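**Student:**
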């Protein structure tokens, strides 16, 4: 629903090349936002990440965070952000609580997230897919 409305508004208002989101680290146009959402959703589906999975996200509030949120919603997953100020115990607790080991992170936090899971999806600040280390996720 959110994605359909976004596509409709972009088409009606011809805002494909207008800036959609701005942060200190990056900005992204509406067209690139949709492209990045679709690319991430396609990679999640290809890895068998579907409705019922929980996707943990460990990244700053940059356009990539919005891409992860909407892509997770598009494939029917639960989106669970982990606070960037979390202690290692809190981080592990979120993994245990959600029974998930799939983490979407930004490239700057890849090494830290690898301490907790090998099922990582790394995005840059604009939400462009840098690396998808999921393989095929069991149902």
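Residue numbers (the working numbering): 35 to 173.
All C-beta atoms, glycine included, are put in the ideal place defined by N, C-alpha and C.
Given the structure is predicted, the values throughout are model-derived calculations rather than measurements.
Rounded to whole angstroms, how far is the Cβ of residue 213 from the Cβ of residue 89, which I believe are closer than 8 Å?
**Tutor:** Not covered by the structure: residue 213. The range shown for the chain is 35 to 173.
**Student:** Is it right to say residue 134 is buried, meaning 16 or more other beta carbons lie within 10 angstroms of its own, or is it exposed?
**Tutor:** Label assigned to residue 134: buried.
**Student:** Helix, strand or coil for residue 111 per DSSP?
**Tutor:** In the structure shown, residue 111 sits in coil (DSSP, three-state: anything other than H, G, I, E or B).
**Student:** Assign residue 150 to buried or exposed, taking buried as 16 or more other Cβ atoms, counted over all protein chains shown, within 10 Å of its Cβ.
**Tutor:** Buried, by the Cβ-count rule.
**Student:** Residue 141 and residue 153 - do their beta-carbons sit closer together than 9 Å?
**Tutor:** No, these two residues do not count as a Cβ contact at 9 Å.
**Student:** When you compare only the Cα positions, how much space is there between residue 94 and residue 145?
**Tutor:** If you take the alpha carbons of residue 94 and residue 145, they lie about 15 Å apart.
**Student:** At what residues does the beta strand (DSSP E) containing residue 89 begin and finish?
**Tutor:** Unbroken beta strand (DSSP E) run through residue 89: 88–92.
**Student:** Which residues in the same chain as residue 105 place their Cβ atom closer than 7 Å to its Cβ, once the five residues preceding and following it in sequence are excluded?
**Tutor:** 71, 74, 75, 78.
**Student:** Between the C-alpha atoms of residue 119 and residue 112, what's the straight-line distance to the nearest angstrom?
**Tutor:** Using only the alpha carbons, I get a separation of about 21 Å.
**Student:** For residue 54, name the three-state secondary structure that DSSP assigns.
**Tutor:** In the structure shown, residue 54 sits in a strand (DSSP, three-state: E or B).
**Student:** Can you tell me which of 117, 165, 49 puts its alpha carbon nearest to the alpha carbon of residue 196?
**Tutor:** Given that the chain is displayed from residue 35 to residue 173, the structure contains no residue 196 and the question cannot be resolved.
**Student:** Examine chain C for any beta-carbon lying closer than 9 Å to the beta-carbon of residue 166, and answer yes or no.
**Tutor:** Among the chains of the structure shown, chain C does not appear; only one protein chain is present.
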